[in-house]
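Q: Those sequence lines, one after another, are chains E and Z. If you read the first sequence in our numbering, its first letter stands for residue 13, the second for the next number, and so on. If you read the second sequence in our numbering, its first letter stands for residue 13, the second for the next number, and so on. Note that the Cβ used here is the ideal one computed from N, Cα and C, for glycine as well. This structure is a prediction, so every number in the text was calculated from the model and none was measured. I have a structure here, written as structure tokens, and I will follow up with some questions on it.
Protein chains: 2
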Amino acid sequence: MTRDRISVLLIDNHPVVLDGLKAVLETFDHIEVIGTASLAQVGLEIARQRRPQVTLMDINMPKLSGIDAIELFRRELPATRIVMLSMHDSREYISSSIMHGAVGYILKDVSTDEVVCAIETVASGGTYFSSGVRDILMADEARMEADPLTPRERHILGLIVTGRSNREIAEELGITPATAETHRKNLKRKLGIATTAGLIRYALDHGIATRAV
Amino acid sequence: MTRDRISVLLIDNHPVVLDGLKAVLETFDHIEVIGTASLAQVGLEIARQRRPQVTLMDINMPKLSGIDAIELFRRELPATRIVMLSMHDSREYISSSIMHGAVGYILKDVSTDEVVCAIETVASGGTYFSSGVRDILMADEARMEADPLTPRERHILGLIVTGRSNREIAEELGITPATAETHRKNLKRKLGIATTAGLIRYALDHGIATRAV
DNA sequence: GCCCGTCTACCCACTTATGGGTAGGCCTCG
DNA sequence: CGAGGCCTACCCATAAGTGGGTAGACGGGC
Numbered sequence: 013m014t015r016d017r018i019s020v021l022l023i024d025n026h027p028v029v030l031d032g033l034k035a036v037l038e039t040f041d042h043i044e045v046i047g048t049a050s051l052a053q054v055g056l057e058i059a060r061q062r063r064p065q066v067t068l069m070d071i072n073m074p075k076l077s078g079i080d081a082i083e084l085f086r087r088e089l090p091a092t093r094i095v096m097l098s099m100h101d102s103r104e105y106i107s108s109s110i111m112h113g114a115v116g117y118i119l120k121d122v123s124t125d126e127v128v129c130a131i132e133t134v135a136s137g138g139t140y141f142s143s144g145v146r147d148i149l150m151a152d153e154a155r156m157e158a159d160p161l162t163p164r165e166r167h168i169l170g171l172i173v174t175g176r177s178n179r180e181i182a183e184e185l186g187i188t189p190a191t192a193e194t195h196r197k198n199l200k201r202k203l204g205i206a207t208t209a210g211l212i213r214y215a216l217d218h219g220i221a222t223r224a225v
Numbered sequence: 013m014t015r016d017r018i019s020v021l022l023i024d025n026h027p028v029v030l031d032g033l034k035a036v037l038e039t040f041d042h043i044e045v046i047g048t049a050s051l052a053q054v055g056l057e058i059a060r061q062r063r064p065q066v067t068l069m070d071i072n073m074p075k076l077s078g079i080d081a082i083e084l085f086r087r088e089l090p091a092t093r094i095v096m097l098s099m100h101d102s103r104e105y106i107s108s109s110i111m112h113g114a115v116g117y118i119l120k121d122v123s124t125d126e127v128v129c130a131i132e133t134v135a136s137g138g139t140y141f142s143s144g145v146r147d148i149l150m151a152d153e154a155r156m157e158a159d160p161l162t163p164r165e166r167h168i169l170g171l172i173v174t175g176r177s178n179r180e181i182a183e184e185l186g187i188t189p190a191t192a193e194t195h196r197k198n199l200k201r202k203l204g205i206a207t208t209a210g211l212i213r214y215a216l217d218h219g220i221a222t223r224a225v
């Protein structure tokens, strides 16, 4: 399923970054830059036709922001792995990117080796965050580990792990499904996790629930 | 959330079983039989009003079968934990019960102690299967362990664990979402697992996927 | 040659989740 | 008393999953 060369699409409205990155990446035999664009919309059109395995996308772009573009990419091309490029290590940008479906986030001050590494990692199914980003994510996690979830949220997370629907959770706790839904949303937001599957893995990882039931 | 006494509803169209079970259970202080019925419909009506924590239900009943009744109970009262009572250790009945949402299955030839144990177990969130049933489930599992899933199914299960939707899986594998859906259905059917959450736990348990991504 | 498992694909009706919100009541801490 | 966290509850529109099916194509083995 993995082609011999990793196909990459570059989207960045800074020509210097775009061309520089392209030139550098082309020196690697196993990476194929199948297109470049300075606007997200144009990049999306290229992606429609070329189906890149990986898309490197600037987060700050005029007209269509990188964050919004993630949405569009994931709707139309769910298979392309999106790595955000950013000059800012803003917590908001990072978590927002992850929430919307990016699988990588690298700061523009990283070495090209790191970019290559990121491409390789996400292409093979992993996630990649450059060192500065990792620090922020780690700090987040540390803050979380201290007092991550409210008791109610922990309880609900436990029920989610057992496959309960919002309605079932509601019935079980004597609340309305709408409230269970809110808790579920808050869990995702707090933990920066986009999917229910991710919540389950988080819960199992952190001993909030156990596999054995 | 757990009341001091476990409220239990009994549904069985054999008066002997119904009355006998009621009499026996009432000798236990921590169990409260809040109602009995010989028809599933009647039991459902009682459940609507009394909201039992646990419902023991015969699988073979006229008019409305126990299996179908599980559906209705879970729609209206998702919180009540359903334990099927059966004289048959039919594999079909058992897996069908589990698939529809029962959390226990006990044969009628078990000791009353076992029934009490089942009630306690499911009331506290677990599942209970009497010894004869366990054997069958075990045999199933053994058969599964040998060669449970096709390579394609294993692959798709791995993607499900990472939270991919059917559409994302389809895009990733170059198939249609409908096919991804079919694979997902087959996974559930083969493994006798009702929920996506259950699939994820299965995958993590059996090393088909790992938490670390 | 035929059966069977596998992979593919589609049908339907229905339920549920998702991702944005907003907002009120309650309690605690400063 | 005011701020903020927590739990509750609802709004909207859209996307996705569920649970029944059926069925064709391909390949291997008896």
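For M111 of chain E, which residues from the same chain have a beta carbon less than 6 Å from its beta carbon, with the 5 sequence-adjacent residues on both sides left out?
A: Translated into the one-based positions of the first sequence, residue 111 of chain E becomes position 99. So the qualifying residues of the chain are A206.
Q: Are the Cβ atoms of Q65 of chain E and S19 of chain E separated by less than 7 Å?
A: Along the first sequence, one-based indexing puts residue 65 of chain E at 53. Along the first sequence, one-based indexing puts residue 19 of chain E at 7. Yes, Cβ-Cβ distance for Q65 of chain E and S19 of chain E is below 7 Å.
Q: Quick one, which residues of the region 83–98 of chain Z are near chain E if we go by CB-CB under 7 Å, in chain order?
A: Per Cβ criterion, the list reads L89, P90 and A91.
Q: Can you tell me the Cβ-Cβ gap for V45 of chain E and L22 of chain E, rounded? I've got them flagged as a contact below 8 Å.
A: Taking the first sequence and counting its residues from 1, the one referred to as residue 45 of chain E is at position 33. Taking the first sequence and counting its residues from 1, the one referred to as residue 22 of chain E is at position 10. Correct: roughly 6 Å between the Cβ atoms.
Q: Quick one: what does DSSP say F40 of chain E is sitting in, helix, strand or coil?
A: In the first sequence, counting from the first residue as 1, residue 40 of chain E sits at position 28. Reduced to three states, the DSSP call for F40 of chain E is coil.
Q: Among the residues of its own chain, which have a CB less than 8 Å from the CB of R179 of chain Z, if the five just before and after it don't count?
A: The residue given as residue 179 of chain Z occupies position 167 in the second sequence. Excluding positions up to five away in sequence, the list reads P189 and A192.
Q: Quick test of your reading: I118 of chain E and V95 of chain E, contact by CB under 8 Å. State the CB separation rounded to the nearest angstrom.
A: As a working note, residue 118 of chain E is residue 106 in the first sequence. As a working note, residue 95 of chain E is residue 83 in the first sequence. Confirmed, about 6 Å.
Q: With DSSP run on the structure shown, which of helix, strand or coil describes T174 of chain E?
A: As a working mapping, residue 174 of chain E is identified with position 162 in the first sequence. Residue state, collapsed to three classes: coil.
Q: Taking a Cβ distance cut-off of 9 Å, strictly less, list which residues of the region 180–195 of chain E are near chain Z, in chain order.
A: Of all residues in the region 180–195 of chain E, E180, I181, A182, E183, E184, L185 and G186 have a Cβ within less than 9 Å of some Cβ in chain Z.
Q: Taking its Cβ as the centre, do 16 or more other Cβ atoms sit within 10 Å of H195 of chain E, making it buried, or is it exposed?
A: Translated into positions along the first sequence, residue 195 of chain E becomes position 183. By the neighbour-count rule (16 or more Cβ atoms within 10 Å), H195 of chain E is buried.
Q: Name the chain E residues whose beta carbon is nearer than 9 Å to that of A114 of chain Z?
A: As a working mapping, residue 114 of chain Z is identified with position 102 in the second sequence. Residues of chain E passing the Cβ test: none, with the nearest at roughly 14 Å.
Q: Going by DSSP, which residues form a beta bridge with M96 of chain E?
A: As a position in the first sequence, residue 96 of chain E is number 84, starting the count at 1. In DSSP, M96 of chain E forms a bridge with E:M69 and E:Y117.
Q: Closest to I168 of chain E by CA distance: which of E:V127, E:T139 and E:L211 is it?
A: Within the first sequence, the letter at position 156 stands for residue 168 of chain E. Ranking the options by Cα distance to I168 of chain E, first place goes to E:L211.
Q: From the DSSP output, which residues share a beta bridge with L21 of chain Z?
A: Position 9 of the second sequence, counted from the first residue, corresponds to residue 21 of chain Z. L21 of chain Z pairs with Z:G47 and Z:T67.
Q: Assign A130 of chain Z to one of two classes, buried (16 or more other C-beta atoms within 10 Å of its C-beta) or exposed (fewer than that).
A: Residue 130 of chain Z sits at position 118 when you count from the first residue of the second sequence. A130 of chain Z should be labelled buried.
Q: Using a Cβ-Cβ cutoff of less than 7 Å, which residues in the same chain neighbour F85 of chain Z once the five nearest sequence positions on both sides are dropped?
A: To locate residue 85 of chain Z, count along the second sequence from 1; it is residue 73. Taken in chain order, the residues that qualify are L56, A59, T67, T92 and I94.
Q: Comparing alpha-carbon positions, which option in Z:R62, Z:M69, Z:F40 and Z:I43 lies nearest L51 of chain Z?
A: Taking the second sequence and counting its residues from 1, the one referred to as residue 51 of chain Z is at position 39. Cα-wise, what sits closest to L51 of chain Z is Z:M69.
Q: With distances taken Cα to Cα, identify the nearest neighbour of V115 of chain Z among Z:V128, Z:G138, Z:Y105 and Z:L185.
A: Residue mapping note: residue 115 of chain Z aligns to position 103 of the second sequence, counting from 1. Per the Cα distances, Z:G138.
Q: When Cβ atoms are compared, which residues of the region 193–213 of chain Z fall closer than 8 Å to chain E?
A: Here the close residues are A206, T207, T208, A209, G210, I212 and R213.
Q: In its own chain, which residues sit with a C-beta less than 8 Å from the C-beta of R62 of chain Z, not counting the 5 before and 5 after it?
A: As a first step, residue 62 of chain Z is located in the second sequence; it is residue number 50 there, counting from the start. Contacts found: S19, L21, I46 and G47.
Q: Which bits of chain E does L149 of chain Z rub up against, with CB to CB less than 9 Å?
A: Translated into the one-based positions of the second sequence, residue 149 of chain Z becomes position 137. Correct list: empty, because the minimum Cβ distance to chain E is about 14 Å.
Q: Would you call A209 of chain Z buried or exposed, if buried means 16 or more other Cβ atoms sit within 10 Å of its Cβ?
A: In the second sequence, counting from the first residue as 1, residue 209 of chain Z sits at position 197. Its Cβ being crowded by 16 or more others within 10 Å, A209 of chain Z is buried.
Q: Name the chain E residues whose beta carbon is nearer than 9 Å to that of I172 of chain Z?
A: As a working note, residue 172 of chain Z is residue 160 in the second sequence. Simply A209.
Q: Starting from the C-beta of R176 of chain E, find all residues in its chain whose C-beta is less than 8 Å away, skip the five residues before and the five after it, and write them out in chain order.
A: Indexing the first sequence from 1 puts residue 176 of chain E at position 164. Hits under 8 Å: E184.
Q: Please classify S136 of chain E as buried or exposed, where buried requires at least 16 neighbouring CB atoms within 10 angstroms.
A: Position 124 of the first sequence, counted from the first residue, corresponds to residue 136 of chain E. Exposed, because fewer than 16 other Cβ atoms sit within 10 Å of the Cβ of S136 of chain E.
Q: Measuring only the C-alpha atoms, how far is L199 of chain Z from G78 of chain Z?
A: One-based indexing of the second sequence puts residue 199 of chain Z at position 187. One-based indexing of the second sequence puts residue 78 of chain Z at position 66. Computed Cα separation, rounded: 24 Å.
Q: If you draw a straight line from the C-alpha of L97 of chain E to the C-alpha of K120 of chain E, how long is it?
A: Your numbering for residue 97 of chain E matches position 85 in the first sequence. Your numbering for residue 120 of chain E matches position 108 in the first sequence. Distance between the alpha carbons of L97 of chain E and K120 of chain E is about 6 Å.
Q: Please report whether the beta-carbon of A158 of chain Z lies at a distance below 7 Å from any beta-carbon of chain E.
A: Reading the second sequence from its first residue, position 146 is the one you call residue 158 of chain Z. Legend: pLDDT at A158 of chain Z = 49, less than 50; position of this residue unreliable, value from coordinates given subsequently. Taking Cβ atoms only, chain E never reaches closer than 7 Å to A158 of chain Z, which makes this a no.
Q: Does chain Z have any CB closer than 7 Å to the CB of G175 of chain E?
A: On the first sequence, residue 175 of chain E is found 163 positions in, with the first residue counted as 1. True, the Cβ-Cβ gap to chain Z drops below 7 Å.
Q: Between the Cα of M73 of chain E and those of E:R166, E:L203, E:L89 and E:P27, spot the shortest distance and give me the residue it belongs to.
A: Residue numbering aside, residue 73 of chain E sits at position 61 when the first sequence is read from its first letter. Out of E:R166, E:L203, E:L89 and E:P27, E:P27 has the C-alpha closest to the C-alpha of M73 of chain E.
Q: Chain Z partners of L56 of chain E, CB-CB under 9 Å?
A: As a working mapping, residue 56 of chain E is identified with position 44 in the first sequence. Simply none; closest approach about 15 Å.
Q: Which residues in chain Z have a C-beta closer than 9 Å to the C-beta of L216 of chain E? List them in chain order.
A: Walking along the first sequence from the start, residue 216 of chain E turns up at place 204. Neighbours of L216 of chain E on chain Z, chain order: I212, R213, L216 and R223.
Q: Check this for me: beta carbons of G204 of chain Z and S142 of chain Z, under 7 Å apart or not?
A: Translated into the one-based positions of the second sequence, residue 204 of chain Z becomes position 192. Translated into the one-based positions of the second sequence, residue 142 of chain Z becomes position 130. In this structure, S142 of chain Z does not lie closer than 7 Å to G204 of chain Z by Cβ.
Q: Is the separation between the beta-carbon of I82 of chain Z and that of G113 of chain Z shorter than 7 Å?
A: Reading the second sequence from its first residue, position 70 is the one you call residue 82 of chain Z. Reading the second sequence from its first residue, position 101 is the one you call residue 113 of chain Z. Yes.
Q: Using the Cβ count rule (16 or more neighbours within 10 Å means buried), how would you classify A215 of chain Z?
A: Against the second sequence, residue 215 of chain Z aligns to sequence position 203. That one is buried.
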